[in-house]
Amino acid sequence: MLSLSGVCGDLELHPNSLHLPLLEWFICKASGANMLIRAIVAPNVAHFTYLPAKWETYDTESIFLSFPAVHHVDLDRNILVSVFQQGNIPNLGYWPNLESLTVHKTDARLLEFLGGLITWLEGRKNMQRPTLLVKLVFSDFYLDWSIITTLYEALHKRCILEWGNIRLHSDIVFSSTADGPPWFVGAFRLIVTLVRQS
592 MLSLSGVCGD LELHPNSLHL PLLEWFICKA SGANMLIRAI VAPNVAHFTY
642 LPAKWETYDT ESIFLSFPAV HHVDLDRNIL VSVFQQGNIP NLGYWPNLES
692 LTVHKTDARL LEFLGGLITW LEGRKNMQRP TLLVKLVFSD FYLDWSIITT
742 LYEALHKRCI LEWGNIRLHS DIVFSSTADG PPWFVGAFRL IVTLVRQS
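Going by my numbering, the first residue of the sequence shown is number 592, and it counts up by one from there.
Have a look at this one:
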């Protein structure tokens, strides 16, 4: 395992110049690590976490190319936004073994780039890849429930969807359909009610 934090500073490294063939777990929470990630060649990394402390410009293709065999990825929302900018859909050949994608600091900004994520998930599905587990971790307990509703409606049929850092209150009403699990419908001043259709 390699874990980095802090600031990488003004590193000047050539692309593909750091070969780490035995590395299986890479956690990067360092700011300014873009050049470092471009330099890494780590074909056996199975777990990759990239959560820099602040907004930066990312070379998103290098994230895919540096860790081609990755199974589990944790990304900051800003990185995911960079990856799925409008008109920028990653090559569907990237990360063929990916099983789970966790997005940290999920908020309304992700909705602007949701189309790219949907296109990518549908493309993976069309290539007969296993259904991806997508976990969205929110940075604020007290968020706008319309964000969660929009994300759910857009993604729940395209991946296995999980939520993180959401606080449920006693004024939430749940409902479900015959083909799905219980789901949030609206917030009212009521006791929690679970309604199932048979």
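In this text, a Cβ means the ideal position worked out from N, Cα and C, and glycines have one as well.
Other residues of its chain near residue i: CB distance less than 8 Å, five sequence neighbours each side excluded
i: Asn635; result: Pro612, Leu613, Leu614, Glu615, Ala660
i: Met718; result: Leu683
i: Glu713; result: Arg749
Per-residue burial, residue i [other beta carbons within 10 Å of its own, 16 or more giving buried]
i: Trp643; result: The question names Trp, but residue 643 in the sequence shown is Pro. So Pro643 ends up on the buried side.
i: Leu593; result: exposed
i: Leu689; result: buried
i: Leu602; result: exposed
i: Trp736; result: exposed
i: Ser608; result: exposed
i: His610; result: exposed
i: Ser657; result: buried
i: Thr697; result: buried
Own chain, CB closer than 6 Å to residue i, minus 5 neighbours either side, in chain order
i: Phe675; result: Phe704, Gly707, Leu708
i: Cys599; result: Ala621, Gly623, Ala624, Leu627
i: His638; result: Trp616, His663
i: Leu724; result: Ser691, Ile751
i: Thr693; result: Asp665, Lys726
Other residues of its chain near residue i: CB distance less than 7 Å, five sequence neighbours each side excluded
i: Ala745; result: Leu705, Ile709
i: Ser653; result: Ile628, Arg629
i: Thr722; result: Cys750, Ile751
i: Pro681; result: Phe655, Val674, Trp711
i: Pro606; result: Arg629, Ala630
i: Leu742; result: Leu727
i: Arg715; result: Leu683, Leu723
i: Ala633; result: Leu611, Leu614, Phe617, Ser657, Phe658
When the options are compared against residue i, the one with the closest alpha-carbon
i: Gly755; options: Phe617, Glu690, His695, Met718; result: His695
i: Ile618; options: Ser596, Leu701, Asn688, Leu712; result: Ser596
i: Ser691; options: Leu752, Met592, Thr697, Ser737; result: Leu752
i: Ala699; options: Arg668, Pro606, His747, Thr640; result: Arg668
i: Val728; options: Asp665, Leu604, Ala633; result: Asp665
i: Leu701; options: Arg715, Lys748, Ser730; result: Ser730
i: Ile670; options: Lys645, Trp686, Pro687; result: Lys645
i: Arg720; options: Thr740, Trp686, His747; result: Trp686
Check: residue i C-beta below 7 Å from any heavy atom of the ligand FAD
i: Ala637; result: With respect to the ligand FAD, the structure shown offers nothing to examine, as it has no ligands at all.
**Request:** Let me know the alpha helix (DSSP H) ranges lying completely inside the region 723–757, each 4 residues or longer, listed in chain order.
**Result:** Segments of the alpha helix (DSSP H) lying fully in the region 723–757: 736–746.
**Request:** Tell me the start and end of each unbroken alpha helix (DSSP H) in the region 612–652 that is at least 4 residues and wholly inside, in chain order.
**Result:** Taking only runs of at least 4 residues, the alpha helix (DSSP H) segments lying wholly in the region 612–652 are 625–630.
**Item:** Start-end ranges of the alpha helix (DSSP H) lying completely within the region 658–696, minimum 4 residues
**Value:** The qualifying runs are 668–674.
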